[in-house]
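Chains as they are written, first to last, in our numbering: chain A, 507 to 850; chain B, 507 to 850; chain C, 507 to 850; chain D, 507 to 850.
Backbone N, C-alpha and C define an ideal beta-carbon position, used for all residues, glycine too.
Predicted model, so just to flag it, every value in this text is computed and none were measured.
Protein chains: 4
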Amino acid sequence: MQYFKSDYMEGAHPLILERLSQTNMEKTSGYGTDEYCASARRKIAEACGCPQAEVHFMVGGTQTNATVITAVVRPYEGVIAAVTGHINQHEAGAVEAGGHKVLALPHHEGKLDAAEVDRYVTAFYQDPSWDHMVAPGMVYISHPTEYGTLYTLEELKALSAVCRKHKIPLFLDGARLGYGLAARDTDVTLKDIAALCDIFYIGGTKVGALFGEAVVMPQPGMIRQFDTIIKQRGVLLAKGRLLGLQFDTLFTDGLYVKIARHAIDMAERIVEGLKAYGYTFFIRPQSNQLFVTLENSLFEKLEQRVGFEVWEKRADGTTVVRIATSWATREEDVAELLEELKKK
Amino acid sequence: MQYFKSDYMEGAHPLILERLSQTNMEKTSGYGTDEYCASARRKIAEACGCPQAEVHFMVGGTQTNATVITAVVRPYEGVIAAVTGHINQHEAGAVEAGGHKVLALPHHEGKLDAAEVDRYVTAFYQDPSWDHMVAPGMVYISHPTEYGTLYTLEELKALSAVCRKHKIPLFLDGARLGYGLAARDTDVTLKDIAALCDIFYIGGTKVGALFGEAVVMPQPGMIRQFDTIIKQRGVLLAKGRLLGLQFDTLFTDGLYVKIARHAIDMAERIVEGLKAYGYTFFIRPQSNQLFVTLENSLFEKLEQRVGFEVWEKRADGTTVVRIATSWATREEDVAELLEELKKK
Amino acid sequence: MQYFKSDYMEGAHPLILERLSQTNMEKTSGYGTDEYCASARRKIAEACGCPQAEVHFMVGGTQTNATVITAVVRPYEGVIAAVTGHINQHEAGAVEAGGHKVLALPHHEGKLDAAEVDRYVTAFYQDPSWDHMVAPGMVYISHPTEYGTLYTLEELKALSAVCRKHKIPLFLDGARLGYGLAARDTDVTLKDIAALCDIFYIGGTKVGALFGEAVVMPQPGMIRQFDTIIKQRGVLLAKGRLLGLQFDTLFTDGLYVKIARHAIDMAERIVEGLKAYGYTFFIRPQSNQLFVTLENSLFEKLEQRVGFEVWEKRADGTTVVRIATSWATREEDVAELLEELKKK
Amino acid sequence: MQYFKSDYMEGAHPLILERLSQTNMEKTSGYGTDEYCASARRKIAEACGCPQAEVHFMVGGTQTNATVITAVVRPYEGVIAAVTGHINQHEAGAVEAGGHKVLALPHHEGKLDAAEVDRYVTAFYQDPSWDHMVAPGMVYISHPTEYGTLYTLEELKALSAVCRKHKIPLFLDGARLGYGLAARDTDVTLKDIAALCDIFYIGGTKVGALFGEAVVMPQPGMIRQFDTIIKQRGVLLAKGRLLGLQFDTLFTDGLYVKIARHAIDMAERIVEGLKAYGYTFFIRPQSNQLFVTLENSLFEKLEQRVGFEVWEKRADGTTVVRIATSWATREEDVAELLEELKKK
């Protein structure tokens, strides 16, 4: 049985483990004040085209989302997100536990539409009761989205323009950013993201690291005492160098995008195979997450043999499943998977 | 110009003011430990048909909603409400500020549908990721709703049954409860509410009091240290007797429903008039809030002369306005209002 | 039996009740947007010597403290207070429920010492771990304090200077401010407070009103969207005019200080009597709260006949009781109290 | 220069790194649902003498403290801790950010005194205003404490008895538990802790792991939906097996205590050396943290050469420094350190 349930089922890229082993007995200061973190920060800032950018490391995506939102948004504000956004669905209410409402807007294959955001914010301030309502204080997007889809550069520019027009910071959840950057048909680069977003993060957990997310603020000083806020939320890693070492490795010689491209290659091979076998995609495949629609009868036969994630049971008698590749997916696993799916 | 914008534009019923004057120089202990509060609690419990019920007083609706929800719901739980529910729209994110997500379901003229709630909760626990999601920990309804509509006894029983089946407390926001109880076509009594809900409140602010909401828990002891929680949220009134005196007055000789009925009478008179003049109701009138659809051109003419609340600007070129009567609405005001609306 | 347990045992000054009765059937807009609130704001701002001051009304002291602190202090900051401060002792953890630590410093008859605050803040930033600790983000004082004591103008200036030096806002809890302003030996005026504090409030609940606290920000715009924050915390009164009417009355013809002075007169009469009878004061009497030390045996005899508040059972076999006068204390009650205490 | 600033300056015990490498490319399910976590849980429960114990893994100490406290304590309750407790001093207000007050009691070399806790709780409920105050809802202790000191079995039994008498859960922060268990003069075993505490954790970050804390509830089911609460706080590690693998390794063949004993041995060697050189200990050394009092002039000479942590600048012209050994401290580092300190 092949497991393609998610992109965080393996450990880390071997170069990372090697680096951890080499440096294991070194003594460094804690909490991200070490030289490895400093080096990783410099490399990330450079890759973003913002040498002055401020970079902080956290361990996982949910904590990064909740900490950034809490730190940026004022008490009376909420955060706009697609209804399918991770913060709205699968973070157990972390944003609300931090005191803020998620203002859910319709999604378009997981994406927010800039014009809809603009209309929402405009209408908000036209509502005679707006000052008894939750003001939009941030726009949250993910790239790739929870459906594996990607913003085009034009779409991202439009969202950024709407946010700047209304003076609302744009926050990009890049938990799977590598797979977005490595995608075949994207025209969005890391530098674009740094130019268009106010704050974003580069996901390590799903792209080659044991764990780790690198938060980037292109304009340094955007958040006062951010490290204290991170500490207060309990997510300032004591041995912070573990984060520095991992990101330093990932941002050396373009490793981050290189290993992400492998996942894209494997995903494409699966897409081609499935198309050939006549499978239907629920969402047009764009990165490393593939959403396939199956008749329930077929689903029941397959689920014993193929390790995919059940995404949605639909009223029309079909099941949507997710197949995710990763930096670690082996060619022989893909071959075996296709073999299994061929049998249907 | 006649003001029908809301049902909290006047002071209090004269008997209440009289009572406050009579007792003004008495000395009593604070925070609701006085004899007037005790008497009001007894009368309310009796009116609810639950002599053992526990009754607490607060000052306003938003604070009551937020305090009850915080006190009842566990950290990982949220509260189901209609998307139009007051807690989801017009309380500035008070529930989220207390740490909990509002789980918004579709509304049906402002009401939740029991079958939909059942399906939602059932589907929630079937979702493979449910333990990373916000669990439904309470069902919130308002009666009358924000649209002035009323649950039938059958609907309320169905909701209560769903809640009990899933062991989720049912909380009824009765900020306008008097107008619901006094409505012409309702079959829901206060005793029904006490039998079917786990916690609810009887609104005073909008029904004859200067301010005040009486929270009723038919099963005493449902919330440990509720007064301390009320104090912590800053909403335990120092001179608590002001609340006791008001509710004691309202629950003497059926004053509460009696004065609410007057609002219903006045509303009916307006409904008849408007129907005769050919106006269209956006929602079928059921209690003291009337929602009228106006062509924008007509709206613009009227808004200078008639004090209603703009509810919604619709894409079809109409405006929905709200006209609210209250215990204090005078017959001559109604006559004058109808006169104005006749002129269109 | 005479009750001197607290200064919030009666209703309101008769002029206030009269005013509420006169205006009872008027219709006004809600939430403090009415003309009575506007008038009260103007009068208060003028009395503060700051015509431009921003004034907001809330219902009670705990909610005012918690709301102001939440609105002003950043997520990683706490609030400095005397260990005896109301927010540290008797508000059921409202400040912490809002997410902030109370940084308790030693008290001096209920007061903070400016030099100690200065040393605390200076030492804080010298601590090598300061960025893992709760930063001082506000200084909270009460005037009169919980012990009825008063800051001298010199002390208040010193505190203000320390706060400004460290760029920390100074917040004065004036729940009993009237009694402080009316005290015999004070050199602190309302204008001094407005000049030296960044935000403060003028207490109505304990000084003649049914309820109500007026928050004053000498520099308008200090808090963005403060009314929305007040709404979110559930403490924006629907019939806001009740607050406007009360403060408008209290700030017409100097009523506020005039009625407070009566409490001071009554307190002085009690002080003189008790001194003549040989009683000992635990704290030098300065305003309307008197703290008397009694041998336990004497206390047990008296407590059946005299309605004071038990403040503290001390290890040395004495009990400290509090006697509070108010604007409503009658001369005959004082006479009777002294008669009772004479008998010991 | 030798660094003895803290016990989290190195990576992980080599066996852990080896295990991570061996299993790196395995695919496992996430969030702690894998077999390595299951195995680690079994071994920990067995080591605690509670086969039925519930075990959860988190990444760091602050997040564990804040998450456990939030999950256990009711909204109106706070947590008793020594004034020197980590949650009261060095977690940036994480407990308060979660809504709860830390009720700080005096410390005795970092420890709480059972009789004082008993008196505090008893006095609390005797205070006439107790229901307007923060109720003690948990007792937090650390073992070893922030001063490296240890509870005796008798002391721990006394605290446990007080907690059970008052029905208050006892929570033990074992961030450095290994060093406590391995100490020379302790009579407290892991089984004692499991028998006497309601919830506690076994620290990995400071005792051989890259990161990780194992929370143990001897009575399973103590907290409903604890994993969801952990997820909500953003501290449920995606690749949970990293925690399972580390604790499985540490709890195989007694590795955890074995490596901790090395730190104790190294600490003892330093203690003996320092005593011989005439240094004075601020606190009697008991585990792996040593607190040495230095004249400021001596301190200034040494700080260039010796990497200790500045603990406290005292008014008497001395500086207290901390020297911490760890599982990773090398004998030659100790020798070099002693050499440096000899020179004074």
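Sorted by chain position, which residues of the same chain lie with C-beta nearer than 8 Å to L800(D)'s C-beta, five sequence neighbours on each side aside?
-> The answer, listed in chain order, is Y785, L808, T824, T825, V826, V827.
Close Cβ partners of L748(C) (< 6 Å) along its chain, the five nearest in sequence each way excluded = Residues of the same chain with a CB within less than 6 Å of the CB of L748(C), apart from the 5 flanking positions on each side, do not exist.
To the nearest angstrom, how far is it from the Cα of Y653(C) to the Cα of G779(C)?
-> So the two alpha carbons sit approximately 20 Å from each other.
Candidates E602(A), S648(A), A769(A): closest to G584(B) by CA position = Minimum Cα distance to G584(B) is reached at E602(A).
Sequence ranges, beta strand (DSSP E) only - wholly within the region 537-564 of chain C, length at least 3 = Here the runs fully enclosed are 560-564.
Would DSSP call T824(A) helix, strand or coil?
-> Assigned with DSSP and collapsed to three states, T824(A) falls in strand.
Kindly indicate the opening and closing residues of the alpha helix (DSSP H) around D624(A).
-> Note, D624(A): alpha helix (DSSP H), 620-632.
Where the alpha helix (DSSP H) through L609(C) begins and ends | Not the alpha helix (DSSP H): L609(C) falls in the beta strand (DSSP E), residues 608-611.
Run of the beta strand (DSSP E) containing G686(C), from where it starts to where it stops | G686(C): not part of any beta strand (DSSP E); member of the alpha helix (DSSP H) spanning 683-687, first to last residue.
Since I believe V589(D) is in contact with L611(D) (beta carbons under 8 Å), could you give me their beta-carbon distance rounded to a whole number of angstroms?
-> Confirmed, Cβ separation roughly 7 Å.
Nearest to L751(B) by CA position, among G740(B), K737(B), G718(B), is which residue?
-> Nearest C-alpha to L751(B): G718(B).
Would you check if the distance between the CB atom of D754(C) and the CB atom of K549(C) is smaller than 8 Å?
-> Between D754(C) and K549(C), the C-beta gap is smaller than 8 Å, which places the two residues in contact.
With 16 other Cβ atoms within 10 Å as the buried cut-off, status of D759(C) = Exposed is the call here.
The region 509-523 of chain C / the region 534-541 of chain B touching (three or more Cβ pairs under 8 Å) = Counting Cβ pairs under 8 Å, three or more are found: they touch.
Cβ-based contacts, 9 Å cut-off: residues of the region 597-616 of chain D near chain C = Hits within the stretch, in order: E597, A598, G599, V601, E602, A603, G604, G605, H606, K607, V608, A610.
Can you tell me where the beta strand (DSSP E) with M723(A) in it begins and where it stops?
-> First-last of the beta strand (DSSP E) with M723(A): 719-723.
Go ahead and pull the three-state DSSP assignment for Y707(B).
-> Three-state result, Y707(B): strand.
Coarse secondary structure for I586(A), derived from DSSP in three states | Of the three classes helix, strand and coil, the one that applies to I586(A) here is strand, per DSSP.
How many whole angstroms separate the CB atoms of T568(A) and A600(A), which I take to be in contact at a CB cut-off of 8 Å?
-> That belief holds up - the Cβ atoms of T568(A) and A600(A) are roughly 5 Å apart, short of 8 Å.
Beta-carbon spacing of A681(C), G709(C) below 8 Å = Yes, they are a contact pair.
Helix, strand or coil at E815(B) according to DSSP, with G and I counted as helix | Strand.
Starting from the C-beta of I829(C), find all residues in its chain whose C-beta is less than 7 Å away, skip the five residues before and the five after it, and write them out in chain order.
-> Within the same chain, and ignoring the five residues on either side of I829(C) in sequence, the residues whose Cβ sits closer than 7 Å to its Cβ are F510, I776, L796, V798, F814.
Look up K671(C) in the DSSP assignment and say whether it is helix, strand or coil.
-> Looking at K671(C) - three-state DSSP - the assignment turns out to be helix.
Identify every run of the beta strand (DSSP E) within the region 711-766 of chain B, keeping only runs that are complete inside it and at least 3 residues long; order them along the chain.
-> Whole beta strand (DSSP E) segments, 3+ residues: 719-723.
Would you mind working out which of A551(A), G604(A), A782(A) sits nearest A572(A), comparing C-alpha positions?
-> If we check each option's Cα against that of A572(A), G604(A) comes out closest.
Starting from M922(D), find everything on chain C with Cβ-Cβ shorter than 9 Å and list it in chain order.
-> Nothing can be reported for residue 922(D), as the shown portion of chain D is limited to 507 through 850.
For S512(D) and chain C, any beta-carbon pair shorter than 8 Å?
-> Look at S512(D): its C-beta is not under 8 Å from any C-beta on chain C.
With a cut-off of 8 Å, does the C-beta of Y509(A) fall near any C-beta of chain D?
-> For Y509(A), a Cβ of chain D is located within less than 8 Å of the residue's own Cβ.
Three CB pairs or more closer than 8 Å across the region 559-568 of chain D and the region 623-632 of chain D | Touching, no, given that fewer than three Cβ pairs across the two stretches are closer than 8 Å.
Quick one: using the 10 Å Cβ neighbour count with 16 as the cut-off for buried, is Q472(A) buried or exposed?
-> Lying outside 507 to 850, the shown extent of chain A, residue 472(A) is not represented and no answer is given.
Which same chain residues, not among the five before or five after P724(D), have their C-beta less than 6 Å away from its C-beta?
-> If you ignore the 5 residues before and after P724(D), its C-beta comes within less than 6 Å of the C-beta of C556, A559, A700, all in its own chain and listed in chain order.
Take E615(D) and list the residues in its own chain whose beta-carbon comes closer than 6 Å to its own, dropping the five residues that flank it on each side.
-> Cβ neighbours of E615(D) beyond the five flanking positions: Y653, T655, I789.
Excluding five sequence neighbours on each side, which residues of the same chain lie with their C-beta closer than 8 Å to the C-beta of V722(C)?
-> Cβ within range, chain order: I550, A551, C554, C556, A559, E560, V561, A700, I705, F706, Y707, I708.
Would you verify that the beta carbon of D540(B) is, or is not, closer than 8 Å to some beta carbon of chain D?
-> The beta-carbon of D540(B) is placed no less than 8 Å from the nearest beta-carbon of chain D.
So, using beta-carbon positions, are V713(B) and G684(B) closer together than 8 Å?
-> The answer is yes: Cβ separation under 8 Å.
Within 8 Å (strictly less), CB to CB, does V741(A) reach chain D?
-> Yes, its Cβ sits closer than 8 Å to a Cβ of chain D.
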